[in-house]
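Down below is the structure, laid out as structure tokens.
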Amino acid sequence: MAVDSFTEQDFLDGKILLVDKPLTWSSFQAVNALKWAIRKKFALKKIKIGHAGTLDPLATGLLIICTGKATKKIPELQAKVKEYTGTFTLGKTTPSYDLETEADATYPVTHITEARIYETVALFLGEITQTPPVFSAIRKEGKRLYEFARKGETVSVPPRIVEIHEFEITDIRIPIVSFRVVCSKGTYIRSLAHDFGKALDSGAHLSELRRTRIGDYHVNKAHTPQEFKKWLGAPEL
Numbered sequence: 019m020a021v022d023s024f025t026e027q028d029f030l031d032g033k034i035l036l037v038d039k040p041l042t043w044s045s046f047q048a049v050n051a052l053k054w055a056i057r058k059k060f061a062l063k064k065i066k067i068g069h070a071g072t073l074d075p076l077a078t079g080l081l082i083i084c085t086g087k088a089t090k091k092i093p094e095l096q097a098k099v100k101e102y103t104g105t106f107t108l109g110k111t112t113p114s115y116d117l118e119t120e121a122d123a124t125y126p127v128t129h130i131t132e133a134r135i136y137e138t139v140a141l142f143l144g145e146i147t148q149t150p151p152v153f154s155a156i157r158k159e160g161k162r163l164y165e166f167a168r169k170g171e172t173v174s175v176p177p178r179i180v181e182i183h184e185f186e187i188t189d190i191r192i193p194i195v196s197f198r199v200v201c202s203k204g205t206y207i208r209s210l211a212h213d214f215g216k217a218l219d220s221g222a223h224l225s226e227l228r229r230t231r232i233g234d235y236h237v238n239k240a241h242t243p244q245e246f247k248k249w250l251g252a253p254e255l
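Residue numbers (our numbering): 19 to 255.
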């Protein structure tokens with residue numbers, strides 16, 4: 019991504035930028051950082067810019083950001099398959115299904131063997147029914163679900179059909195299970211972690227997540243917002 023050679027017109031005509039989102043950054047923050055840098059560099063009053071698929075603040079990895087006329091490609095990019103790597107932690111659940119919230123229950127793990135973990139993977143391949151976490155950005159009644167959840171309000175979340183194309187266990191050090199997943203649009207890896215724990219007659223939450231690929235775009239070609247700013251020669255973010 020030779021950002022330093024891009025011109026004002028390049029960004030207006032449309033560019034697809036591959037960003038490696040840092041831990042704790044929201045996707046909105048990453049978009050705003052690039053938008054600010056481009057506007058400052060070229061003294062633009064405005065420029066269209068958006069991302070093709072949210073990453074949670076506690077996740078890192080590939081965020082596709084489109085500028086100018088390339089924003090028309092966002093729906094197409096959002097529909098592509100995604101690849102993730104990360105870890106599940108067995109024996110504890112959290113309301114958010116990840117580390118955003120404290121553990122709300124603990125479960126035994128002594129009955130869980132490596133063989134059973136590998137066998138359980140088969141239950142989650144192909145089309146599966148999944149319920150998104152209540153701590154998510156899905157809209158209901160004009161609000162994001164996490165707005166209800168953070169106020170302690172009970173809200174029903176309808177299940178959805180998603181597809182898990184590949185699900186590989188890459189390392190087991192109970193209670194930590196490392197994985198790689200290739201899945202369809204709309205899949206929540208946090209829900210996969212939660213459901214995987216239940217299938218093991220225990221509990222689990224997502225303890226680490228990195229998005230490595232969207233379609234043919236890979237995180238190894240991506241750069242951080244700070245690197246983007248440096249190459250562009252914009253003032254400090």
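Positions of the beta carbon are idealized from the N, C-alpha and C atoms, including for glycine.
- Of SER23, VAL49, LYS33 and PHE29, the smallest CA-CA separation from THR242 is found for VAL49.
- Scanning its chain for C-beta atoms nearer than 8 Å, with the 5 sequence neighbours on each side dropped, one finds around ARG178 the residues THR147, GLN148, THR149, PRO150 and GLY204, in chain order.
- In this structure ILE135 touches VAL195 by the C-beta definition: roughly 6 Å separates them, less than 8 Å.
- The DSSP-derived three-state label of GLY109 is coil.
- When DSSP assignments are scanned along the region 82-136, the uninterrupted stretches of alpha helix (DSSP H) that are 4 or more residues long and fall wholly within it turn out to be 92-96.
- With distances taken between CA atoms, GLU101 lies nearest to ARG229 out of ALA240, LYS239, ARG208 and ARG229.
- Rounded to whole angstroms, the Cβ separation of VAL139 and ILE187 is 6 Å, and the two are in contact under 8 Å.
- A straight-line Cα-Cα distance of about 57 Å links THR128 and SER23.
- Contact between the region 212-228 and the region 114-123 is present: 3 or more CB-CB pairs across the two stretches fall below 8 Å.
- Sequence-distant Cβ neighbours of GLU132 in its own chain, meaning closer than 7 Å and more than five residues away, are ILE190.
- The shortest C-alpha to C-alpha distance from LYS39 to any of LYS59, PHE246 and VAL175 is the one to PHE246.
- If only uninterrupted alpha helix (DSSP H) runs of at least 4 residues are considered, those enclosed by the region 27-88 are 45-60.
- Around the beta carbon of LYS239, fewer than 16 other beta carbons sit within 10 angstroms, so the residue counts as exposed.
- In the three-state DSSP reduction, VAL180 falls in the strand class (E or B).
- In this structure, PHE142 places its C-beta atom within 8 Å of the C-beta atom of ILE182.
- Judged by beta-carbon spacing, THR42 lies within the 8 Å limit of PRO75, meaning their Cβ atoms are closer than that value.
- VAL180 is not a Cβ neighbour of VAL152, given a cutoff of 8 Å.
- Taking C-beta separations shorter than 6 Å and ignoring five residues to either side along the sequence, the partners of GLU184 in its chain run VAL200, following chain order.
- As computed with DSSP, ARG191 is found in a beta bridge with ILE194.
- The beta carbon of LEU35 is closer than 6 Å to those of ILE83 in its chain, skipping five residues each way along the sequence.
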